[in-house]
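Here's the structure we're looking at; comments come further down.
Printed below as a string of structure tokens:
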């Protein structure tokens, strides 16, 4: 994502994702968000579509229906700690990652809802 923004600053055109998808992790996702994937989403919905409101004050926040996952794998008990955001429902590019405000232990049959999240680019330049 950083390279896309930097190339945009130098005049390259960039196509924004039509949909952003969130994915759960049980540890630091790494630069490409391929590490520490939640085993609870294996066999179920791994990435969930997420909608953000228009930017204001250098920040965007979740709007509409909050994304949620159900732990569909059998005999799983793990602690969710991070979330990553992608430009595709599978494959694609990792846009950014974030630590959850607090960890959450979940097991088979539990549902996790990401009720709040924001991306902030501050401080803004003075006009």
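Residue numbers (the UniProt record's numbering): 1 to 127. We put the CB at the ideal spot given by N, CA and C, even for glycine. From a predicted model like this one, the values you see are computed outputs, not experimental measurements.
Counting of Cβ neighbours within 10 angstroms places residue 92 among the exposed residues, the total staying below 16. Out of 100, 42 and 73, the CA that lies nearest to the CA of residue 107 is found in 73. In the pairwise beta carbon analysis, the region 46-65 is classified as touching the region 99-116: at least three pairs are separated by under 8 angstroms. In terms of Cα proximity to residue 85, the closest of 26, 47, 103 and 100 is 47. About 4 angstroms separates the beta carbon of residue 97 from that of residue 29, a gap short enough to meet the 8 angstroms contact definition.
Taking every protein chain shown into account, the CB of residue 22 has 16 or more other CB atoms within 10 angstroms, so this residue is buried. Approximately 7 angstroms separates the beta-carbon atoms of residue 49 and residue 67; this is inside 8 angstroms, confirming the contact. Around the C-beta of residue 38, 16 or more other C-beta atoms lie within 10 Å, and the residue is accordingly described as buried. In this structure, the alpha-carbon of residue 102 lies about 13 angstroms from that of residue 25. Counting along the chain, residue 9 sits inside the alpha helix (DSSP H) bounded by residues 2-9.
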